[in-house]
Structure formats: structure tokens, C-alpha cells
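Here is the structure we will look at.
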Amino acid sequence: MDDLTILNEIHKGVCMGKDSLAMVSEKSTNANFKDELTYQYNQYQQTENRINQKFEEIGQIPDDTPMKEKIMGWTGIQFNTLNDKSNSSLSEMLIQGYDMGIIKGVKLLNQSPEASNQVKDILNGFIAFQENSIERLKKFL
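Using numbering that gives the first Met the number 0, read the sequence shown as starting at 0 and increasing by one per residue.
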């Protein structure tokens with residue numbers, strides 16, 4: 000897989016993650032939990048800044064996240080929070096999303112030995128961020 004494809008995949012994951020955190024934050028009334036979500040949102044923003052900088056360097060712009068995926072994410076959060084908006088339930092939902100992101104990221108790494116070191120570094124950072132986020136959310140389960 001080439002650098003542009005990998006960057007677009009990471010960008011899509013960042014956008015979906017930021018959207019999910021914003022939606023989940025609206026569902027919570029716990030200040031500590033909201034602070035954690037804000038922290039994670041800011042981490043996503045830092046990753047997005049790195050990706051956008053790399054896109055600029057190569058003279059490209061990131062692809063938009065398909066509307067279908069955005070709608071599916073929104074619908075999933077709305078459905079999963081109908082009966083339970085507890086920190087535990089919200090954390091579990093986010094952890095499952097992070098797990099999917101880690102799997103996708105590791106697959107990208109394994110399928111892209113020819114990727115540049117800069118792009119691999121961004122991807123490894125994104126995977127590490129998601130792993131750390133899971134650990135930080137565990138206290139809310």
C-alpha cells in the first residue's frame with residue numbers, strides 16, 4: 000500500500016474517532032469522563048495535524064470520510080445509548096471502536112512494508128494513542 004492510501008485510512012479513522020468522541024461527550028454528565036474525552040479528542044487533533052502536514056508535503060488533500068460511514072457511526076452511538084448512558088457503557092463502546100482502529104492500523108502496517116518511515120511513524124503513533132486511550136478508559140468501566 001502506498002503512503003497516500005495509508006494516510007487516507009488514518010485520516011478516516013481520526014475523523015470517525017473525533018466525531019464519536021464528540022457524540023459520546025454529549026451523552027455524559029460526568030465532568031471527569033468529559034475531561035478524558037476532551038483529552039482524547041485533542042490527541043486525535045494532534046494526529047490529524049501530523050497527517051495534514053504530510054498531505055501538504057506531498058501536495059495532496061485527504062479524502063472525505065464517506066457519508067455512509069458517518070451515518071453508521073452516528074446511528075450506532077444513538078442506538079447503543081438509548082437505554083444506558085453510564086460512563087461504563089460509553090467507555091465500553093469507545094474501547095470497542097479503539098480495538099477496531101488498532102486492528103486496522105496493524106493490518107495497514109503489516110500490508111505496507113514499502114511505506115515511508117514518516118508514514119509508518121504516524122501510523123505507529125496512531126496505534127499507540129488508541130492503545131493508551133483504552134487503558135485510560137478502563138477506569139470508567
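Each residue gets a CB set at the ideal place from its N, CA and C atoms; glycine is no exception.
| Check | Outcome |
| --- | --- |
| For the candidate residues L20, L136 and I50, whose alpha-carbon lies nearest to that of E91? | L136 |
| Under a three-way DSSP split, which group does N29 fall into? | coil |
| Give the range of the alpha helix (DSSP H) segment to which L122 is assigned. | N116 to L136 |
| With distances taken Cα to Cα, identify the nearest neighbour of N48 among F125, E130, Q129 and E134. | F125 |
| First and last residue of the alpha helix (DSSP H) that includes L89? | N86 to N109 |
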